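Chains as they are written, first to last, in the working numbering: chain A, 6 to 597; chain B, 495 to 671.
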Amino acid sequence: MAQQKDTLSPISPKQMTGSEIFVRSLIEEGVEVVFGYPGGAVIGIYDALHDISDIKHILTRHEQGAVHAAEGYAKASGKPGVALVTSGPGATNTVTGIADAYMDSVPIIVFTGQVPLKLIGNDAFQEADIVGITRPITKHNYLVRDVNELARTIKEAFYVATTGRPGPVLVDLPKDVMASKTHFEYPKKVSLRSYNPHVEGHMKQLEKAAALIAKSKRPVLYVGGGAIVSNAAEELKAFAKKTNIPVTTTLHGLGSYPETDELSMGMLGMHGTWYSNTAVHYCDLLIAVGARFDDRVTGKTEAFAAEAKKIHIDIDPTAISKNVPVDVPIVGDVKKVLQKLTQLVTPLDTKDWIETIKQWKTEHPLRYRNGKLIRMQYVIQKIGELTEGNAVVISDVGQHQMWTAQFFKYIHPRTHITSGGLGTMGFSLPAAMGAAFARKDLPIISVSGDGGIQMNIQEIATCVEYKVPVKIFILNNGYLGMVRQWQELFWRKRYSQVAMYSPDFVKLADAYGCPGYRASTTSEVEDVLKKALAVKNGPVIVEFKVVKEDNVYPMIPAGQTWNEIIDMPDKELSDIEGEEAETEELITLTKG
Amino acid sequence: MAAEKEEGAVEARARQHTISLLVENKFGAFNRIAGLFSAKGYNIDSLTVGPTEDDSVSRMTIVTRGDDAVIEQIIKQLNKLIDTLKVSDLTYESFVERDLALIKVQTTPETRSEIMQIAEIFRAKIIDISPKTVTIEAIGGQLKVDAIIKMLKPFVIKEMARTGRVALKREFQGEVD
């Protein structure tokens, strides 16, 4: 908790307004940055914030940007992110961000202004029932009806958001409640009789798991975002290394295990590596660690690792046996469970299994054809090489997102941030902005397509105003590429509403007041990347004009099984023909 | 006890479950639970809510149906809600249950006595009477209430209000086979 400094205006120490209590409470919680947008219902809160130096307020250009920024901050730091917005439209603009945080278990607290209590239900100006609207997309939410409840509610909100399976919590603050006064005392601790997350794994279950592991010949660790949320990277490594079990991660698990290590198989699922999906298909034991058997991972659930025994470690009991029945569930915090489990297991002889996987890696690496025109894969791979994996990479949603997952080797937790569950286009830029406030030691790289960037492009102004050092990389293929890919593969190439016009992004950079570069051929890529990485003290925009039609492989079509896996065809379809095509070389990359 | 055994016809895959839960008596708690059922697509046959011996706690009785996996998820999801204190599936335990129905039946001088006889058989009470109607209060297990409704239907039920099941676990469990 931050040291409390007396920077508030010297009013009576006993009586404070709700607004002042709010600000004090945030300081008590150690909040260093708030992303927000003022308005009528929160004008009092903004007045109380005005003289505060302990909390930096970042004025975003849209409330959705504020929530994604809070998410980016939370994901990069492990600390809760905070957003503050006004009532009505301010509140409803947070909905997408809140739903995103709910799907991806991101601890954020969203404070919304509300019309005065006596006007609630009256269709007052800028009134919206935001507590009702967000009930199904928050871990919990509150309407504060009495200033005496305010401090306790804020304490509870931070506690609920950050413990157990984390998630977004919304606190609705009526204007009159925030104007009324009371004695302020911040509660020391929270105790909720109805909420006590179970963090220690049950010993009997751990023993059963250890027994299954001891018998396994072909085990696989399937690691999700839970391993990162519980800060269990070290424990995971210790466990995998002791038992010699190969590791595949989900999109959100990227970074939990170094992809440079030989036990790593990269990502699994719809666009996972051929060998990780194959290993999961043939394994005799699947150990799910903080993962939730999402449909993008499993495809057809009945056929997912059908022959394997399954152990599932998760803090959320509802995640267990929700999609795929498991043999040994262990409810608890991944970090604690892995610590104990590591003590219970003995090293396995998995040499043959690992040899087999190695063979698969050689036969089916990730690959693409590189020529004169820029491939997104190449850009991502180059970013990885130039930063040596030491960067926070925040992707948007679509083809580039999958390539960002595939062609960058993640070595540290919290260095890959994306919208996985909800798949929110427009996530990358504001989330990167938030991440930049959490990680000042690493380059912050936002990767978007031309579609996604235009969904929250207004946040460039925020980045320029606050000199937020985000590398805004736009991979522009003139298409909503993933939808186009599906239309190509499954809808007879009827490209319905996927071609898209974009502005001149270099001129846009100039208009916003930041450096802008463009690369149109492969030979220019490295140079502009170096220039962009060298930019200090503010954002930089780089537009990459990339191959228009390219497909993400491997691919297991939605709802199908491993047998339907499509690896990159030998003659990949693209708009490159003739001479140019002949100059292409096949580039391969292997994780682990 | 009774309810389930007599309902042998119900397919085992999607059998009826009676779930009793204690929740914090707080603003929005009811909405959270009702919302969970609609958001996840779970069935509700009936749902009752009311106060308990403790002012700060409400009891809800939810009658729902689903296969074992669905019921397991429902119970876990209910437990996951921050306001939920305790969830118990009474289905496999011995429990007492009551359902109350107010049934307004159309009458003629010719049918009135027969209707009153039916009420008597079910130990239901006549609580209102007019030249053309009687209103019957029927209390009992769900099946008993279902049965009296079935018996009264031919006389034309003009209006009906029904509480849905409320239930508590039986204290003595051992005697029941």
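Cβ coordinates follow ideal geometry from the N, Cα and C atoms, glycine included. Small disclaimer: the values here were computed from a predicted structure and weren't measured.
Secondary structure of residue i, DSSP reduced to three states
i                            : result
histidine 317 of chain A     : strand
isoleucine 597 of chain B    : strand
arginine 170 of chain A      : coil
threonine 283 of chain A     : helix
phenylalanine 40 of chain A  : strand
threonine 423 of chain A     : coil
asparagine 375 of chain A    : strand
lysine 499 of chain B        : Model confidence at lysine 499 of chain B stands at a pLDDT of 42, short of 50, so the residue's coordinates are unreliable and nothing is read from them.
leucine 578 of chain A       : In this prediction, leucine 578 of chain A has a pLDDT of 47, which is less than 50 and means its spatial position is unreliable; what the coordinates show is noted afterwards. Leucine 578 of chain A: coil per DSSP, three-state reduction.
tyrosine 107 of chain A      : helix
glycine 102 of chain A       : helix
glycine 543 of chain A       : coil
glutamine 9 of chain A       : Bear in mind that the predicted position of glutamine 9 of chain A carries a pLDDT of just 49, short of 50, making it too unreliable to give a figure here.
lysine 626 of chain B        : coil
histidine 369 of chain A     : coil
alanine 661 of chain B       : strand
arginine 559 of chain B      : strand
arginine 29 of chain A       : helix
arginine 509 of chain B      : strand
methionine 573 of chain A    : coil
phenylalanine 116 of chain A : strand
proline 179 of chain A       : strand
Neighbourhood of residue i by C-beta, 7 Å cutoff - its chain only, sequence neighbours within 5 removed
i                        : result
alanine 443 of chain A   : Tyr78, Ala81 and Ser82
valine 402 of chain A    : Ser424, Gly428, Thr429, Met430, Phe432 and Gly457
lysine 626 of chain B    : Gln600 and Thr601
alanine 133 of chain A   : Ser92, Gly93, Ala96 and Thr97
glutamate 312 of chain A : Asp289
glutamate 501 of chain B : Because glutamate 501 of chain B carries a pLDDT of 45, less than 50, the predicted location of this residue cannot be relied on, and no value is offered for it.
Proximity to residue i [Cα-Cα], best of the options
i                            : options                                   : result
isoleucine 142 of chain A    : A/Asn127, A/Ala133, A/Val174 and A/Gly118 : A/Val174
glycine 425 of chain A       : A/Val552, A/Gly258, A/Asn146 and A/Lys61  : A/Gly258
alanine 238 of chain A       : A/Gly118, A/Leu155, A/His73 and A/Gln344  : A/Gln344
valine 639 of chain B        : B/Leu515, B/Leu594 and B/Ile556           : B/Leu594
isoleucine 359 of chain A    : A/Thr65, A/Val252, A/Gly439 and A/Ser326  : A/Val252
tryptophan 496 of chain A    : A/Ile458, A/Pro562, A/Pro435 and A/Val540 : A/Pro562
glutamate 589 of chain A     : A/Ile325, A/Asn375 and A/Lys541           : A/Asn375
phenylalanine 420 of chain A : A/Lys160, A/Leu256, A/His369 and A/Asn481 : Reading the sequence as shown, one finds threonine at residue 420 of chain A and not phenylalanine. The option with the nearest alpha carbon to threonine 420 of chain A is A/Leu256.
histidine 67 of chain A      : A/Ile60, A/Lys61 and A/Ala75              : A/Ala75
isoleucine 318 of chain A    : A/Val339, A/Val165 and A/Pro224           : A/Val339
glutamate 307 of chain A     : A/Asn328, A/Gly102, A/Ala516 and A/Thr595 : A/Asn328
proline 545 of chain B       : B/Leu515, B/Ala508, B/Arg559 and B/Lys663 : B/Leu515
lysine 366 of chain A        : A/Pro474, A/Thr278, A/Val87 and A/Leu513  : A/Thr278
leucine 534 of chain A       : A/Ser58, A/Val384, A/Ser507 and A/Asp572  : A/Val384
leucine 513 of chain A       : A/Ile479, A/Ser501, A/Glu493 and A/Val111 : A/Ile479
threonine 409 of chain A     : A/Asp446, A/His276, A/Ile125 and A/Ile362 : A/His276
isoleucine 362 of chain A    : A/Lys305, A/Arg372, A/Asp572 and A/Thr595 : A/Thr595
methionine 381 of chain A    : A/Phe40, A/Asp455, A/Gln364 and A/Glu368  : A/Asp455
glutamate 37 of chain A      : A/Lys84, A/Asn282 and A/His73             : A/Lys84
isoleucine 60 of chain A     : A/Glu190, A/Tyr280, A/Gly118 and A/Phe40  : A/Phe40
Sequence-distant residues of the same chain with beta carbon closer than 6 Å to residue i, five excluded per side
i                        : result
tyrosine 147 of chain A  : Thr158 and Val176
glutamate 5 of chain A   : What the structure shows of chain A is the stretch from 6 to 597, and residue 5 of chain A is not part of that stretch, so it cannot be assessed.
valine 350 of chain A    : Ala215, Ile218 and Thr248
lysine 472 of chain A    : Asn542 and Gly543
glutamine 386 of chain A : Phe412
arginine 297 of chain A  : Ala324
proline 607 of chain A   : In the structure as shown, chain A begins at 6 and stops at 597. Residue 607 of chain A is therefore absent and cannot be evaluated.
valine 342 of chain A    : Gly206, Ile318 and Ile335
Chain-order list of residues whose beta-carbon lies under 8 Å from that of residue i (same chain, five-residue window excluded)
i                        : result
aspartate 151 of chain A : Val182
Proximity test, residue i beta-carbon vs the ligand SAM heavy atom, cut-off 7 Å
i                      : result
leucine 596 of chain B : Ligands displayed in this structure: none; no statement on the ligand SAM is therefore possible.
Every unbroken alpha helix (DSSP H) within the segment 298-346 of chain A, with a cutoff of 4 residues, ordered by chain: The qualifying runs are 300-303.
Any chance you could list the alpha helix (DSSP H) runs of at least 4 consecutive residues sitting entirely within the segment 498-533 of chain A, in chain order? Annotation note: the segment 498-533 of chain A contains the following uninterrupted alpha helix (DSSP H) runs of length 4 or greater, listed N- to C-terminal: 510-517.
Are three or more beta carbon pairs between the segment 261-279 of chain A and the segment 182-199 of chain A nearer than 8 Å? no
Within the segment 192-280 of chain A, ranges of the beta strand (DSSP E) (whole runs, at least 3 residues): 224-228, 252-254 and 269-272
contact_flag[the segment 444-452 of chain A, the segment 116-131 of chain A] where n(CB pairs < 8 Å) is 3 or more: no
Three CB pairs or more closer than 8 Å across the segment 606-619 of chain B and the segment 570-586 of chain B: no
Report yes or no: do the segment 462-471 of chain A and the segment 403-415 of chain A share at least 3 C-beta pairs separated by less than 8 Å? no
Contained alpha helix (DSSP H) runs [length at least 4] in the segment 412-494 of chain A, N- to C-terminal order: Uninterrupted alpha helix (DSSP H) stretches at least 4 residues long and entirely within the segment 412-494 of chain A occur at 433-443, 455-458 and 464-470, given in chain order.
Below 8 Å, can you find three or more Cβ-Cβ pairs linking the segment 514-527 of chain A to the segment 535-553 of chain A? yes
I'd like the ranges of any alpha helix (DSSP H) spanning at least 4 consecutive residues and lying wholly in the segment 515-557 of chain B. 523-534
Pair every Cβ in the segment 523-538 of chain B with every Cβ in the segment 550-565 of chain B, then say whether three or more of these pairs are closer than 8 Å. yes
Taking contact to mean 3 or more Cβ pairs, one atom from each stretch, closer than 8 Å, check whether the segment 579-587 of chain B and the segment 650-669 of chain B are in contact. yes
Is it true that the segment 381-394 of chain A meets the segment 532-541 of chain A, where meeting means three or more beta-carbon pairs spaced less than 8 Å apart? yes
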